Amino acid sequence: MDGYMEMDHLAAALALAGVPARRSATAGAAFAAFESTHGQPLPRAVRDWYLLDRARTVLEPDGADLVLAAEQLGGPATYWWPADGDDWPPDLEEQEEREFDPVAAGLLPFLDENQGGYSLAVRLDGSADPPVLISWDGVRPDGWSVHAACFSEWVFTRVWDLPLLRGAGRLYGTVPDVGQSELAVLARRLTARPQTVSDSPLPGPPQVGHRFAGPGDRQRALLLSPYAVGGTWSVLLWAATDDLLVDLCGVVRSALAAPVGLTGAYRPDEVARRALERLAAGEVTR
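So for the sequence shown, the working numbering puts the first residue at 1109; every next one is plus one.
The structure is reproduced here in structure tokens:
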């Protein structure tokens, strides 16, 4: 890979996606234009990823969320002021549309959720692999919170999560609560993967995504803490085969204090369907 995929999480994400590491024909020129315009280079981890010719489609294979192309990184943004829910000046009759330079504000936006629910940006703090921030009010100068410890970890979790959040092979359930001791058990029996934090716009603490994997990431368990006060934990499971999925169900169920009932997608794939049949037959009793 000619040395440009040195960060482990980026290489691991590429391997999970099953995509060859081919260079983009246009990214180099985009990087040079960014540095010429803004007087600083893109962070190393961002350059490493965007050097791939399929950087965007690996992160968004379904064309749902908007992942910016290398040529779009660092462009100007507009936002509405005041933000929804903020206090308005007494003499202001309607929101104002304002333009700003995200890079000058230390931000590098790179993704917008397909329904405008949130935006993601890299914090330009001078580091090679900077944190990823999340905003629930679009791309604006303020209102951001840390979502992932660094860009390369976010890329890995994005690819790792896709079959759990969108695939037909996932199993899903809820439990009232998951304690730190239960998470510690899962970390001993499986391998902990990077966490993400989503500072919910609703009352309550941020939602934390806890990830655990079996060998080769062919088993994946994603536990999401409640999105708001009074909510439940979500448990999402995926595995490459029904044997691995049934085994994963047993590991997770035995680690959690509360029983977790599991269902499949609306149209489960063959792996999930066979696993559900085996669970219904009593192969995992809890």
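For each residue, glycine too, the CB sits at the ideal point set by N, CA and C.
Quantities reported herein were computed from a predicted structural model and do not represent experimental measurements.
- The alpha-carbon separation between residue 1353 and residue 1298 amounts to approximately 13 Å.
- DSSP places residue 1158 within a helical segment (H, G or I) once states are collapsed to three.
- If you draw a straight line from the Cα of residue 1140 to the Cα of residue 1158, it comes to about 13 Å.
- Within the model, the alpha-carbon separation for residue 1266 versus residue 1213 is close to 25 Å.
- Under the DSSP assignment, residue 1282 falls in the beta strand (DSSP E) whose first and last residues are 1279–1283.
- The C-alpha of residue 1208 is placed about 48 Å away from the C-alpha of residue 1369.
- Annotated three-state conformation of residue 1260 is helix, per DSSP.
- Residue pairing from DSSP places residue 1318 in a beta bridge opposite 1331.
- Under the three-state reduction of DSSP output, residue 1267 falls in the helix class.
- For residue 1291, the uninterrupted alpha helix (DSSP H) segment begins and ends at 1288–1297.
- Only residues of its own chain outside the window of five on either side were considered, and among them 1138 have a CB closer than 6 Å to the CB of residue 1179, listed in chain order.
- The three-state reading of DSSP puts residue 1306 in strand, counting E and B together.
- Cβ-Cβ distances below 7 Å link residue 1253 to 1241, 1242 and 1307 in the same chain, with the five nearest sequence neighbours on each side left out; the list follows chain order.
- Shown here, residue 1185 sits in a strand according to DSSP, grouped into three states.
- By the CB criterion at 8 Å, residue 1386 and residue 1350 fall inside the cutoff.
- Residue 1377 and residue 1276 have their C-alpha atoms some 5 Å from each other.
- With a 10 Å radius around the Cβ and a threshold of 16 neighbouring Cβ atoms, residue 1245 comes out buried.
- Selection 1273, 1282 and 1320 evaluated against residue 1296 yields 1320 as nearest (Cα-Cα).
- Around the Cβ of residue 1262, a 10 Å sphere holds 16 or more other Cβ atoms; the residue is buried.
- DSSP places residue 1386 inside the alpha helix (DSSP H), whose first and last residues are 1378–1388.
- Here residue 1147 is exposed, its C-beta having fewer than 16 other C-beta atoms within 10 Å.
- The Cβ atoms of residue 1156 and residue 1130 do not sit closer than 8 Å to each other.
- Here the alpha carbons of residue 1198 and residue 1324 stand approximately 58 Å from one another.
- Per DSSP, residue 1231 lies in no alpha helix (DSSP H) segment; the continuous beta strand (DSSP E) that holds it begins and ends at 1227–1231.
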